[in-house]
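Residue numbers (our numbering), protein chains in the order written: chain A, 224 to 377; chain B, 224 to 377; chain C, 224 to 377. For glycine and all other residues, C-beta sits at the position ideal for the given N, C-alpha and C. These notes are about the structure you will find just below.
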Amino acid sequence: MLIEKRITELGFTLPKVPKAAGIYSQCRSFGEKFVYISGCGTAINGKDTYLGKLGLDLTVEEGQCAAKNCILNALAVLKLNIRSLDNIKSFVKILAFVASSNDFYDQPKVVDGATKLLCDIFGDEVGVGARSAIGTNVLPGNIPVEIEILLELK
Amino acid sequence: MLIEKRITELGFTLPKVPKAAGIYSQCRSFGEKFVYISGCGTAINGKDTYLGKLGLDLTVEEGQCAAKNCILNALAVLKLNIRSLDNIKSFVKILAFVASSNDFYDQPKVVDGATKLLCDIFGDEVGVGARSAIGTNVLPGNIPVEIEILLELK
Amino acid sequence: MLIEKRITELGFTLPKVPKAAGIYSQCRSFGEKFVYISGCGTAINGKDTYLGKLGLDLTVEEGQCAAKNCILNALAVLKLNIRSLDNIKSFVKILAFVASSNDFYDQPKVVDGATKLLCDIFGDEVGVGARSAIGTNVLPGNIPVEIEILLELK
Numbered sequence: 224m225l226i227e228k229r230i231t232e233l234g235f236t237l238p239k240v241p242k243a244a245g246i247y248s249q250c251r252s253f254g255e256k257f258v259y260i261s262g263c264g265t266a267i268n269g270k271d272t273y274l275g276k277l278g279l280d281l282t283v284e285e286g287q288c289a290a291k292n293c294i295l296n297a298l299a300v301l302k303l304n305i306r307s308l309d310n311i312k313s314f315v316k317i318l319a320f321v322a323s324s325n326d327f328y329d330q331p332k333v334v335d336g337a338t339k340l341l342c343d344i345f346g347d348e349v350g351v352g353a354r355s356a357i358g359t360n361v362l363p364g365n366i367p368v369e370i371e372i373l374l375e376l377k
Numbered sequence: 224m225l226i227e228k229r230i231t232e233l234g235f236t237l238p239k240v241p242k243a244a245g246i247y248s249q250c251r252s253f254g255e256k257f258v259y260i261s262g263c264g265t266a267i268n269g270k271d272t273y274l275g276k277l278g279l280d281l282t283v284e285e286g287q288c289a290a291k292n293c294i295l296n297a298l299a300v301l302k303l304n305i306r307s308l309d310n311i312k313s314f315v316k317i318l319a320f321v322a323s324s325n326d327f328y329d330q331p332k333v334v335d336g337a338t339k340l341l342c343d344i345f346g347d348e349v350g351v352g353a354r355s356a357i358g359t360n361v362l363p364g365n366i367p368v369e370i371e372i373l374l375e376l377k
Numbered sequence: 224m225l226i227e228k229r230i231t232e233l234g235f236t237l238p239k240v241p242k243a244a245g246i247y248s249q250c251r252s253f254g255e256k257f258v259y260i261s262g263c264g265t266a267i268n269g270k271d272t273y274l275g276k277l278g279l280d281l282t283v284e285e286g287q288c289a290a291k292n293c294i295l296n297a298l299a300v301l302k303l304n305i306r307s308l309d310n311i312k313s314f315v316k317i318l319a320f321v322a323s324s325n326d327f328y329d330q331p332k333v334v335d336g337a338t339k340l341l342c343d344i345f346g347d348e349v350g351v352g353a354r355s356a357i358g359t360n361v362l363p364g365n366i367p368v369e370i371e372i373l374l375e376l377k
């Protein structure tokens, strides 16, 4: 339980596993060691602290906190499905969507909130993967960030 | 041909394989058993029954029907490329984009039209994978939904 | 160095490896032979020749040139990370986002600029994979195109 200890040391608590927003799995294993986590939103324990769009309703700092929430939700999903977070070999790729006004260009800074957290928890070797940060005009339920993750297990 | 029988039982017919909209393959195998299907649109047999954006031009119900069309097109592509739809082990991940007005927040409901169909045809075990449902301001040719799929073969 | 020779023959030069726009890897290997390249932008050697949105600021032809730039940046990243571009078995999937006005529908034509270049350099067998071309209201730094790539090595 090294990773969970690290999460606690950093001052975070894993939230309740979010409910799927429709007909899909939160998490799907494939091949021998790969896992896809479905697009995770920003509500923690069912509570939407951050809603709206970057460049309009939220600051970059708020967007970064929202992006962190996506990761905490993803880790809660992972813990339920792969038992131990110590079993992760690497976060291969993160695809992050940031709800943005037409003239907000700092999606990468917002998504850094997510990838910095992964890096802080898992270290560079495991935590830092490939990434795309994409703007969009709107996300489900008016959340500001949605992140899907591909990872590889040990 | 169990899956094709099931499709017929559900009252659906596989459409003609849609033409690629440019320079790419409709379908690409990789590794030993993985397949990526290119972003599938909503026109069936070349006919655009659904065009426009959710929250502006189309109801959620129409969006769900459009999302179903994406899946039917994907299955037509798959049948051509992997011979038998019975050969699918699992639909690993679906990435679905929904053309949306700036204040339309029900992308997951729209995409349920697609994932419910997969579930009805293939059952939970095979048909229900990970998923991300993302809003966007516009899609190619003004289609309302575009879906790409990662799957694993037996 | 067959592929690099081919790039030169076609009149292109690999640019400097672009700097990551935040906390992530430009490129991540996983499994035995898979590689994900992070979302690549359109600036070449740090210079933004193309900025803005299709349907508003840029013509389709300019968008195609911008899309080509994404590929050249991706190949620069690849060369650094996998040593020889001759070691690529196939470009499995390309996910391309095109910053678009609400009524611009020709994302596939724009992205053809990217996939035609891959096809010209690597040939059909290696260069032509699955693809999704998606519109979006805005991309990081106001770039017109962002492309992430999944590929398989020999």
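Rounded to the nearest whole angstrom, the CA to CA distance from T282 of chain A to T272 of chain A is 13 Å. Exposure of T231 of chain B is indicated by the presence of fewer than 16 other C-beta atoms within 10 angstroms of its C-beta. Counted as a single uninterrupted DSSP element, the beta strand (DSSP E) harbouring E375 of chain A occupies residues 368-376. Inclusion of L277 of chain A and S323 of chain A in the CB contact set at 8 Å is warranted, their separation being smaller than that value.
In terms of Cβ geometry, P238 of chain B and L295 of chain B form a close pair [threshold 8 Å]. Residue-level contact check: N296 of chain C does not touch chain A, since none of the beta carbons of chain A fall below 8 Å from its beta carbon. Taking I267 of chain A as the centre and dropping the five residues before and after it, the same chain places the C-beta of P238, N292, L295, N296 closer than 8 Å to its C-beta, in chain order. Residues of the region 299-318 of chain C with a Cβ closer than 8 Å to any Cβ of chain B, in chain order: S313, V315, K316, I317, L318.
DSSP lists no bridge partner for T338 of chain C. Rounded to the nearest whole angstrom, the C-alpha separation of S307 of chain C and M224 of chain C is 7 Å.
Inter-residue distance for G352 of chain C and C250 of chain B is about 7 Å (C-alpha atoms, whole angstroms).
Cβ neighbours of I357 of chain C within its own chain (closer than 8 Å, five residues either side excluded): L318, A319, F320, V321, Q330. If you check each beta-carbon in the region 354-365 of chain A against every beta-carbon of chain C, the ones closer than 7 Å belong to R354, S355, A356, I357, G358, T359, N360.
L233 of chain C sits exposed, since fewer than 16 C-beta atoms from the chains shown fall within 10 Å of its C-beta. The beta carbon of I344 of chain B sits closer than 7 Å to those of I226, R229, I230, L233, G350, all from its chain and outside the five residues before and after it, given in chain order. Comparing C-alpha distances from P363 of chain C to each of A:A337, A:K339, A:V333, A:L340 shows the shortest one belongs to A:V333.
Within chain B, the residues placing a beta-carbon under 8 Å from that of D335 of chain C are G245, I246, ordered along the chain.
Annotated as distal: E375 of chain A and S355 of chain B, with beta-carbon spacing of 8 Å or more. Closest in C-alpha terms to D326 of chain B, from the list A:E348, A:V361, A:Y328, A:N325, comes A:V361.
In this structure, V300 of chain A sits away from C342 of chain A, with a CB-CB distance that is not shorter than 8 Å.
If you check the CB distance, A290 of chain C and G336 of chain C come in under 8 Å. With fewer than 16 other beta carbons inside 10 angstroms of its own, L303 of chain C counts as exposed. Annotated as distal: K339 of chain B and Y259 of chain A, with beta-carbon spacing of 8 Å or more. DSSP places I294 of chain B inside the alpha helix (DSSP H), whose first and last residues are 283-305. When secondary structure is reduced to three states using DSSP, G245 of chain C falls in the coil class, being assigned neither helix nor strand. Non-local beta-carbon contacts of D309 of chain C in its own chain, meaning distances under 6 Å to residues more than five positions away in sequence, involve L225, I226 in chain order. Residues of the region 249-260 of chain A whose Cβ lies closer than 8 Å to any Cβ of chain C, in chain order: G254, K256, F257. With a cutoff of 8 Å on beta-carbon distance, S252 of chain A and S261 of chain A are scored as not near each other. Classified as exposed, T236 of chain C has fewer than 16 neighbouring CB atoms from the shown chains inside 10 Å of its CB.
Annotation: T231 of chain B is outside any beta strand (DSSP E); the continuous alpha helix (DSSP H) that includes it extends over 225-232. Taking every protein chain shown into account, the CB of G286 of chain B has 16 or more other CB atoms within 10 angstroms, so this residue is buried. DSSP places T359 of chain B inside the beta strand (DSSP E), whose first and last residues are 353-359.
For the set C:F257, C:L298, C:L279, C:G254, the Cα lying nearest the Cα of I366 of chain C is the one of C:L279. A straight line joining the alpha-carbon of G269 of chain A with that of E284 of chain A spans about 21 Å. At least 8 Å separates the beta-carbon of G245 of chain B from that of G254 of chain A. At a cut-off of 8 Å between beta carbons, F327 of chain C makes no contact with chain A.
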